[in-house]
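K.L.:
Quick one: the structure is below, questions incoming.
2 protein chains.
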Amino acid sequence: QDAVSSEGDDSKEYDAETQKALEDIDACQNEIDALNEQASEEILKVEQKYNKLRKPFFEKRNDLIQKIPNFWVTAFVNHPQVSALLTEEDEECLHYLTKLEVEEFEDIKSGYRIKFFFDDNPFFENEVIEKEFHLGSSGDPASKSSEIKWKEGMDLTKRNKEITKQGRKRLHEEPRSFFFWFTDNTDASCDDIAEVIKDDMWPNPLQYYLVPDVEVEENGLDDD
Amino acid sequence: QDAVSSEGDDSKEYDAETQKALEDIDACQNEIDALNEQASEEILKVEQKYNKLRKPFFEKRNDLIQKIPNFWVTAFVNHPQVSALLTEEDEECLHYLTKLEVEEFEDIKSGYRIKFFFDDNPFFENEVIEKEFHLGSSGDPASKSSEIKWKEGMDLTKRNKEITKQGRKRLHEEPRSFFFWFTDNTDASCDDIAEVIKDDMWPNPLQYYLVPDVEVEENGLDDD
Ligand SMILES: [Ca+2]
Ligand SMILES: [Ca+2]
Ligand SMILES: [Mg+2]
Ligand SMILES: [Mg+2]
């Protein structure tokens, strides 16, 4: 409100004409800021309205998905970016993934949460693990994830590291694994995998489950 | 609409229960897609409404800014990310920048254009140069920029390269310049500078023009 006041400690000395122009720019800027604020509020209301309207369909979809064995692991394996993250052990573990949920927070700009629900499995005790993205105290994006209660000797982040150290596989690649991604909260502003899950996988997982049977087509067994 | 039809070439053979669940998921998905489409249209309408409401204030602001000598070059030099891009020659040239405009296209998702208006200057003939971002034919972000008609010997992209080659300055740094950025259209999906201009500089340039007088404060000459 007072960015160009001629009083106060941090004002430089401008000539009268410049000072007047700066004050008028400041007034314009206040109008623009108020309109931006109003626009954000209206857009938030639209998003909240549609989140409510979409919710029953997402819930029904999740119920239906649970009838299909290995739906999520299949969708993950067929998704180009998510698949690139998966080790063989990740795939084994993700056979127990029965439900995925993406929740946007009520104030959508403030963040979202991805929930992974698992059946009883040989790898860890948790029935659900969550990774959450929000604005941290500094205003920058931050993330946190559930602590995974690994069963003895089954910690997939450690097992994978050992394999990498010994160079048995994935030479020349940086160590990656679904669970490295899940537990890594060092750069929430650039979490491509989380964004792919939220903006591509969650809006339409069926397209990744139903990937066309490429081998058949490549082998020319189709008649048309 | 027909993603899980049991007819057709690329359907795998699912058991009856799975097939039924897939068809029901597909129906859910169609409802979700329709709601997404509606939400996008409503949000677009809100954005268009506020673009119209903001426009007269942006125009008035641009008129006022032109009364202030060196407004834009000062804002650029004071902006942390834009400043990091500027060579001394860029700064010299940007003293002739009289007006900046960011235009979002009517269908906002399809892109935007940044226009730089210049006074007569010793560097190039153009009165306005534009860099435009849009979705390319493949659906991926693409950009294009005006061809700059450099005056003889004044091409700032070439002069900077020579300086860099001879290692006179900016050793250990990658060659950068406002005009390298402007003419570089190789990775439109990651153009941080364009995004900073659109989302930070253009919404409120006054804050960068009016940077506090850090030296005075650091020297403790303020009384309070
Ligand atoms: Ca001061
Ligand atoms: Ca088929
Ligand atoms: Mg399953
Ligand atoms: Mg000027």
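Protein sequences appear in the order of chains A and B. Under my numbering, the letters of the first sequence match residues 69 to 292, in that order. Under my numbering, the letters of the second sequence match residues 69 to 292, in that order. Beta carbons are placed, not taken as given, at the ideal position from N, Cα and C, and that holds for glycine.
What is the rounded straight-line gap between the Cα of residue 211 (chain B) and the Cα of residue 192 (chain B)?
P.N.:
Going from the Cα of residue 211 (chain B) to the Cα of residue 192 (chain B) covers about 22 Å.
K.L.:
From this set, B:173, B:198, B:148, which residue's C-alpha is nearest residue 12 (chain B)'s C-alpha?
P.N.:
In the structure displayed, chain B extends from 69 to 292; residue 12 (chain B) sits before or after that span and is not available.
K.L.:
So, helix, strand or coil for residue 218 (chain A), using DSSP?
P.N.:
In this structure, residue 218 (chain A) counts as strand in the three-state DSSP scheme.
K.L.:
Can you confirm whether the region 147-159 of chain A touches the region 111-130 of chain B when touching is taken to mean that 3 or more C-beta pairs between the two stretches lie within less than 8 Å?
P.N.:
The region 111-130 of chain B, when compared against the region 147-159 of chain A, does not touch it at the 8 Å Cβ threshold.
K.L.:
Which whole runs of the alpha helix (DSSP H) in the region 82-159 of chain A are 4 residues long or more, in chain order?
P.N.:
Complete alpha helix (DSSP H) runs here, min 4: 84-133, 139-146, 148-151.
K.L.:
If you draw a straight line from the alpha carbon of residue 188 (chain A) to that of residue 134 (chain A), how long is it in whole angstroms?
P.N.:
Distance between the alpha carbons of residue 188 (chain A) and residue 134 (chain A) is about 15 Å.
K.L.:
Can you give me the start and stop residues for the alpha helix (DSSP H) that residue 251 (chain B) sits inside?
P.N.:
Residues 246-251.
K.L.:
Is residue 272 (chain A) helix, strand or coil when you go by DSSP?
P.N.:
Residue state, collapsed to three classes: coil.
K.L.:
Does DSSP put residue 254 (chain B) in a helix, a strand or coil?
P.N.:
Three-state result, residue 254 (chain B): coil.
K.L.:
Taking buried to mean at least 16 other C-beta atoms within 10 Å of its own C-beta, is residue 196 (chain A) buried or exposed?
P.N.:
Under this definition residue 196 (chain A) is an exposed residue.
K.L.:
Taking residue 84 (chain A) and residue 132 (chain B) to be in contact with their CB atoms under 8 Å, please state how far apart those CB atoms are, rounded to whole angstroms.
P.N.:
Actually they are not in contact, since the Cβ atoms of residue 84 (chain A) and residue 132 (chain B) sit about 14 Å apart, beyond 8 Å.
K.L.:
Name the residue from A:217, A:204, A:182 whose alpha carbon lies nearest to the alpha carbon of residue 261 (chain A).
P.N.:
Looking at the Cα atoms, A:182 is the closest of the given residues.
K.L.:
Is any heavy atom of ligand 5 found at a distance shorter than 7 Å from the C-beta of residue 117 (chain A)?
P.N.:
Ligands displayed in this structure: ligand 1, ligand 2, ligand 3 and ligand 4; ligand 5 is not among them.
K.L.:
Beta carbon of residue 113 (chain B), beta carbon of residue 180 (chain B): below 8 Å?
P.N.:
Result no, Cβ atoms of residue 113 (chain B) and residue 180 (chain B) do not sit closer than 8 Å.
K.L.:
Starting from residue 264 (chain B), follow the alpha helix (DSSP H) in both directions and report where the run begins and ends.
P.N.:
Its alpha helix (DSSP H) spans residues 260-264.
K.L.:
I need the DSSP call for residue 180 (chain B), collapsed to helix, strand or coil.
P.N.:
Here residue 180 (chain B) sits in strand by DSSP.
K.L.:
When the Cα of residue 201 (chain A) is compared with those of A:148, A:218, A:257, A:149, which residue comes out closest?
P.N.:
The candidate whose alpha carbon is nearest that of residue 201 (chain A) is A:257.
K.L.:
Below 7 Å on C-beta distance, what does residue 125 (chain A) contact in chain B?
P.N.:
Residues of chain B passing the Cβ test: 96, 99, 100.
K.L.:
Kindly indicate which residue of A:115, A:226, A:279 has the alpha-carbon position closest to the one of residue 105 (chain B).
P.N.:
Checked all of A:115, A:226, A:279; the closest Cα to residue 105 (chain B) is A:115.
K.L.:
What residue does the beta strand (DSSP E) around residue 163 (chain A) start on, and which one ends it?
P.N.:
Premise fails: residue 163 (chain A) is in no beta strand (DSSP E) and is neither H nor E.
K.L.:
Pick from B:81, B:277, B:207, B:162: whose alpha carbon is nearest that of residue 250 (chain B)?
P.N.:
With distances taken between Cα atoms, residue 250 (chain B) lies closest to B:162.
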